[in-house]
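Trainee:
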Amino acid sequence: MDMVQHYAHHLVSLALHDQCKIKIFADKNDEKWRGSVGGLVEAPMDQVWNLVSQSSRVSEWMPMVERCSDLAGEEGLPGYVRLVSGFMLPQKDGDRSWIKERLVTMDTSSHSYVYKLEASNVGLDGSTNSLNLFDYEDDTTLVNWTFEINPLEGPTLYAREDDTVLVRVVNHLQDNVTIHWHGVRQLRTGWSDGPAYITQCPIQTGQSYLYNFTLTGQRGTLFWHAHINWQRATVHGVIVIFPKRGVPYPFPKPEKEKIIILGEWWKSDVEAVINQAMKIGVAPNVSDAHTINGHPGPAPNCSSKGYSLYVESGKTYLLRIINGGLNKELFFKIARHNLTVVEVDASYVKPFKTDTIFIAPGQTTNAILTADQHAGKHLIVVCPFMDTTVATDNLTATGTVSYEGTEEFYPTALTTIPPRNATPVTNIFVDSLRSLNSKKYPANVPLTIDHSLLLVVGIGVNPCATCQNGSKVVADINNVTFVMPTTAILQAHYYNISGVYTTDFPGNPAIPFNYTGIPPKNLQTQNGTKVYKVAFNSTIQVVLQGTSMIAPESHPTHLHGSNFFVVGEGVGNYDPKNDPNKFNLVDPVERNTMSVPTAGWAAIRFRADNPGVWFLHCHLEVHTTWGLKMAFLVENGEGPNQSILPPPTDYPKC
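One point on numbering: in my numbering, the residue at position 116 of the sequence shown is 101, and numbering is uninterrupted.
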């Protein structure tokens, strides 16, 4: 609680004379931190309101603030205020303490407003704060300030299409860290992409790095997370990109928005979990619970009441749903409500209704919830999908959609839970996804292909003298288990450093076999740090083929640096003669992360128009750790804006 006390002390040193009460506590039931400060001001309430409601005059009533400045709001975005103070704790980077706040609501009639602390270098980003004034007596005003924060969620990054974003990450951890802006294309700015030892060396303890990128042509919901080891289990947050000013959504604008992050929770340190598994050569323990915005709902030895989504009857809500988990594809469902899906992975889709959303790790889905019930509470369920024999955490996370005016004792409407192996449910959802392919949002699917690749992805076993049973689990693409280098590949490419990687990654399997049939014996993988090199603006088709090695399993696959179109998929072995005839080249869904079906295949197409080194890997973190990853090296073009920009001056050293 020291951080909370520090926050309250330094941000709420209001000029409230001698009468001030501070209360700080953590709610053990919902794991949020809350605090409040109250004090009396010897002035009429209207006079006090006139002062405190003007953000540009904050320094007049908050003595610790040296100066403040309004940052004008834009259409659809509330205004901001930045506070700068010399009285807070000194920062390691030598900067003055600063805070960036966003106004959420202001009600002059009740003399109150709510704002969110979006960014700062003093901690507790993401807290929701409110200030309320009350008549006390004899022209005295009671000022009450409260804050609430869920420490399990990272701050949300709000921006607009084509904005340039600068985020300085300061590492106060004992371990190295990097941050990946999942789904951001990073046009010519691969230095800011984030995967450790692919585009950058990690930020070491006590060091910082400025990520600088532009959201060119992108709008929607994306995801940021740590990209080294298993840190993204808890180091993650949301990116919300609004359309350009004056540009409407291609669907009726919802009246409100809600962010919903789905995740996994371990009782143990996740790094210890995977390190122990790697040491003995077996699969790691599964998570102990699933979560909705950090809350598992009723679970063994857990008193959490679960997440509550409060709604008003008749209103529409845009739900920005993110699977922030490490290793689980999930179902999301709300009792007695259908959802209208309008976007996936920050790409618009033809709207369709569903009662169940299927979402893999790293994927995002925007869906409209219409509060079409009159009152009551309705169960939210989040449960895993696994249509094979692989172990998984079977616990269902629960929450409630609660209508305004519903009493606490009101019974909760229940819903059915999709079976763990509900493949038909996933197929219906995936088959419903189609790009808008409108004049404004065309589906620019490459129709001619320069590189056609067949990437066989799977899990295998290699000998290991020091491991349990003399063997260890590995993963591979085209029989290559990727080995992370000790120098970033992008750095080696830019400076022509030899010995870091090779460009002989095989575009097809060296030894074809019946991929989804009985697996061959003694098919060991080879280790290597190999990339596949292509010329700028090449068109690429990749068929990702699953296997039955050990056990057939789905592989949610993420490509950095580009979106791709999912032009086809199927069960069994890919047929290069007949399956392309069934490809959707008109309105295939555009994504950055897609699931290769269990014991099946998926075909994607994209244009390599972004110079740099771009990671392709399974977004099940355990598979990435085992080696199911590779990278594309896209060479510079000849035009003025077709080369990667020089590295920044604070680029981390290995």
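We put the beta carbon where it would ideally sit given N, CA and C, even for glycine.
What ranges does the alpha helix (DSSP H) occupy inside the region 209 to 284, keeping only unbroken runs of at least 4 residues that lie completely in it?
Mentor: 255 to 265
Trainee: Near TYR182, what residues of its chain come up, given a Cβ to Cβ distance below 6 Å and the 5 sequence neighbours on each side ignored?
Mentor: MET469, PRO470 and ALA473
Trainee: The alpha helix (DSSP H) that contains GLU297, what's its start and end?
Mentor: No alpha helix (DSSP H) contains GLU297, which DSSP labels as neither H nor E.
Trainee: Whole alpha helix (DSSP H) runs in the region 356 to 434 with 4 or more residues, listed along the chain?
Mentor: 408 to 416
Trainee: Which of helix, strand or coil does DSSP assign to GLU620?
Mentor: coil
Trainee: Buried or exposed: TYR480, going by 16 or more other Cβ atoms within 10 Å of its Cβ?
Mentor: exposed
Trainee: Is DSSP giving SER(-2) helix, strand or coil here?
Mentor: Low confidence applies here, because SER(-2) scores a pLDDT of 32, under 50, leaving its location unreliable; read the following figure in that light. Residue state, collapsed to three classes: coil.
Trainee: Select from ILE134, VAL169 and THR163 the residue whose C-alpha is nearest the C-alpha of THR149.
Mentor: For THR149, the nearest C-alpha among the options comes from VAL169.
Trainee: Using 8 Å as the threshold, is the C-beta distance between ASN156 and GLN185 below it?
Mentor: no
Trainee: Between MET371 and ARG405, which are expected to be in contact by the criterion C-beta below 8 Å, what is the C-beta distance as a whole number of angstroms?
Mentor: 5 Å
Trainee: Reducing DSSP to helix, strand and coil, say where ASN499 ends up.
Mentor: coil
Trainee: Can you list, in chain order, the residues of its chain whose CB lies under 8 Å from that of VAL442, leaving out five sequence neighbours each side?
Mentor: ALA460, ASP461, ILE462, LEU529, GLN530, GLY531, THR532, HIS540, THR542, VAL581, CYS603 and LEU613
Trainee: Expressed to the nearest angstrom, what Euclidean distance is found between the alpha-carbon atoms of VAL552 and ILE629?
Mentor: 29 Å
Trainee: Taking the beta strand (DSSP E) that ASP120 belongs to, which residues open and close that run?
Mentor: 113 to 120
Trainee: With H, G and I counted as helix, E and B as strand and the rest as coil, what does DSSP make of ASP461?
Mentor: strand
Trainee: Quick one: residues in its chain with C-beta nearer than 7 Å to the C-beta of HIS478, no 5 flanking neighbours on either side, listed in chain order?
Mentor: Contacts found: VAL598 and LEU618.
Trainee: With DSSP as the reference, label SER177 as helix, strand or coil.
Mentor: helix
Trainee: Assuming MET643 is part of the alpha helix (DSSP H), what are its boundary residues?
Mentor: Past the boundaries of the shown model lies residue 643; the chain is included only from -14 to 639, so the question cannot be answered.
Trainee: Flag this pair as touching only if the region 503 to 514 and the region 436 to 452 have three or more C-beta atom pairs under 8 Å; answer yes or no.
Mentor: yes
Trainee: Who pairs with PHE317 in a beta bridge, going by DSSP?
Mentor: ILE342 and VAL367
Trainee: State the start and end residues of the unbroken alpha helix (DSSP H) segment that holds THR610.
Mentor: 606 to 611
Trainee: So what's ASP92 in DSSP terms, helix, strand or just coil?
Mentor: strand
Trainee: Would you give the residue range spanned by the beta strand (DSSP E) that LEU601 belongs to?
Mentor: 597 to 603
Trainee: What are the residues that DSSP puts in a beta bridge with ILE589?
Mentor: VAL527 and VAL551
Trainee: Let me make sure I understand the geometry here. Which of ARG173, SER547 and GLY20 has the alpha-carbon closest to that of PRO625?
Mentor: ARG173
Trainee: Between which residues of its own chain and THR524 is the CB-CB distance below 8 Å, once the five residues before and five after are set aside?
Mentor: PRO431, THR433, ILE434, ASP435, HIS436, ARG590, PHE591, ARG592 and ALA593
Trainee: Report all residues from its chain with a CB closer than 6 Å to the CB of ILE535; omit the five preceding and five following residues, and keep chain order.
Mentor: So the qualifying residues of the chain are ILE444.
Trainee: Under 8 Å, with one C-beta from each stretch per pair, do the region 353 to 361 and the region 376 to 392 reach the 3-pair mark?
Mentor: yes
Trainee: Could you check what DSSP says for ALA477 in three-state terms: helix, strand or coil?
Mentor: helix
Trainee: Rounded to a whole number of angstroms, what is the C-alpha to C-alpha distance between PRO596 and THR350?
Mentor: 28 Å
Trainee: Starting from PHE337, follow its DSSP beta bridges and name the residues at the other end.
Mentor: VAL326
Trainee: Starting from the C-beta of SER115, find all residues in its chain whose C-beta is less than 6 Å away, skip the five residues before and the five after it, and write them out in chain order.
Mentor: VAL99 and THR131
Trainee: Per DSSP, ALA144 is paired with what?
Mentor: ILE226
Trainee: According to DSSP, which residues form a beta bridge with PRO448?
Mentor: Answer is SER456.
Trainee: Might you give, ordered along the chain, the residues of its own chain that have their beta carbon closer than 6 Å to the beta carbon of PRO153, omitting 5 neighbours on each side?
Mentor: Reading off the sequence, residue 153 comes out as Arg, not Pro. SER193 and LEU195.
Trainee: From this set, VAL296, ASP330, LEU421 and THR339, which residue's C-alpha is nearest GLY361's C-alpha?
Mentor: VAL296
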